[in-house]
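Heads up, the sequence shown is in this note's numbering, so the first residue is 6 and it goes up one at a time. Where is the CB? At the ideal position from N, CA and C, for every residue including glycine. Remember, it's a predicted structure, so these values are computed and weren't measured experimentally.
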Amino acid sequence: MPGPLTVRPVTRQDYEQWLPLWDGYNAFYGRSGPTALAGEITQMTWSRFFDAYEPMHALVAERGGNLLGLVHYLYHRSTTSIAPNCYLQDLFATQAARGQGVGRALIEGVYERAGQAGANRVYWLTHETNHTAMQLYDKVGEKPGFVVYRKMF
Numbered sequence: 006m007p008g009p010l011t012v013r014p015v016t017r018q019d020y021e022q023w024l025p026l027w028d029g030y031n032a033f034y035g036r037s038g039p040t041a042l043a044g045e046i047t048q049m050t051w052s053r054f055f056d057a058y059e060p061m062h063a064l065v066a067e068r069g070g071n072l073l074g075l076v077h078y079l080y081h082r083s084t085t086s087i088a089p090n091c092y093l094q095d096l097f098a099t100q101a102a103r104g105q106g107v108g109r110a111l112i113e114g115v116y117e118r119a120g121q122a123g124a125n126r127v128y129w130l131t132h133e134t135n136h137t138a139m140q141l142y143d144k145v146g147e148k149p150g151f152v153v154y155r156k157m158f
């Protein structure tokens, strides 16, 4: 048996295993090769996880010393609540780890920490074609009916 799955905060020593997960997440959304994120963005993202003044956090799922998934989340203020909101920004599990509860465990890890931080909700977005992930999301969250609009600069 491979051992228990542990969800924990990322550490600086995790970088070599975190980076392929981060690259896999970005590739899933078409950010690879010529459209890959600039290295400065990856480095800034990584450094924010260890800055006590940043609202950005990261958890990893680990089994037997191997990282199987990541989740990045951040807290922000709201005009409709005194309590902070928690935005789950990135969620990724390796192909081999999918269907083994890694995604659910990472989401539940964010739920636990958001509750401890006094947040009143956790929310996230996914692409409308990400049907596999939506099967999990339908079990652990609700669709509030909002549509996302944006303008890129």
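Same chain, Cβ closer than 6 Å to residue i, neighbours up to 5 away in sequence not counted
{"i": "ALA119", "result": "CYS91, VAL127"}
{"i": "ASP95", "result": "TYR30, HIS77"}
{"i": "LEU79", "result": "PRO60, MET61, TYR92"}
{"i": "ARG155", "result": "none"}
{"i": "LYS148", "result": "none"}
{"i": "GLN22", "result": "LEU72"}
Distance CB(residue i)-CB(residue j) smaller than 9 Å
{"i": "ASN135", "j": "PRO89", "result": "no"}
{"i": "GLY214", "j": "PHE97", "result": "Nothing in the structure corresponds to residue 214, since the chain is present only between 6 and 158."}
{"i": "VAL12", "j": "GLY114", "result": "yes"}
{"i": "ALA43", "j": "PHE54", "result": "no"}
{"i": "GLY106", "j": "ALA138", "result": "no"}
{"i": "ALA110", "j": "LEU24", "result": "no"}
{"i": "TRP129", "j": "GLY146", "result": "yes"}
Burial state of residue i (16 or more Cβ within 10 Å)
{"i": "HIS77", "result": "buried"}
{"i": "ASP3", "result": "The structure shown has nothing for residue 3, since the chain only spans 6 to 158."}
{"i": "GLU67", "result": "buried"}
{"i": "VAL65", "result": "buried"}
Residues bridged to residue i (per DSSP)
{"i": "ALA98", "result": "GLY74"}
{"i": "ALA63", "result": "HIS77"}
{"i": "LEU93", "result": "TYR78"}
{"i": "PRO14", "result": "LEU64"}
{"i": "ARG126", "result": "ASN90"}
Minimum Cβ-Cβ distance from residue i to chain B less than 9 Å
{"i": "MET49", "result": "Looking for chain B here will not work: only one protein chain is present."}
Among the options, nearest to residue i - alpha-carbon criterion
{"i": "VAL152", "options": "ARG109, THR131, PHE158, THR137", "result": "THR131"}
{"i": "ARG103", "options": "PRO60, GLU45, LEU72", "result": "LEU72"}
{"i": "TYR58", "options": "HIS81, GLY106, GLN105, GLN140", "result": "HIS81"}
{"i": "TYR142", "options": "ALA66, ILE112, ALA43", "result": "ILE112"}
{"i": "THR40", "options": "GLN48, THR50, ASP28, TRP51", "result": "ASP28"}
{"i": "ALA101", "options": "ARG17, GLN18, LEU26", "result": "LEU26"}
{"i": "SER52", "options": "ASP19, GLU133, ALA122", "result": "ASP19"}
{"i": "ALA122", "options": "ILE87, THR99, GLU133", "result": "ILE87"}
{"i": "ALA34", "options": "PHE158, LYS148, GLU133", "result": "Looking at the sequence provided, one finds Tyr at residue 34 rather than Ala. The candidate whose alpha carbon is nearest that of TYR34 is GLU133."}
Cβ neighbours of residue i in the same chain (closer than 7 Å, five flanking residues each side left out)
{"i": "PRO7", "result": "ARG68, GLY69"}
{"i": "MET49", "result": "none"}
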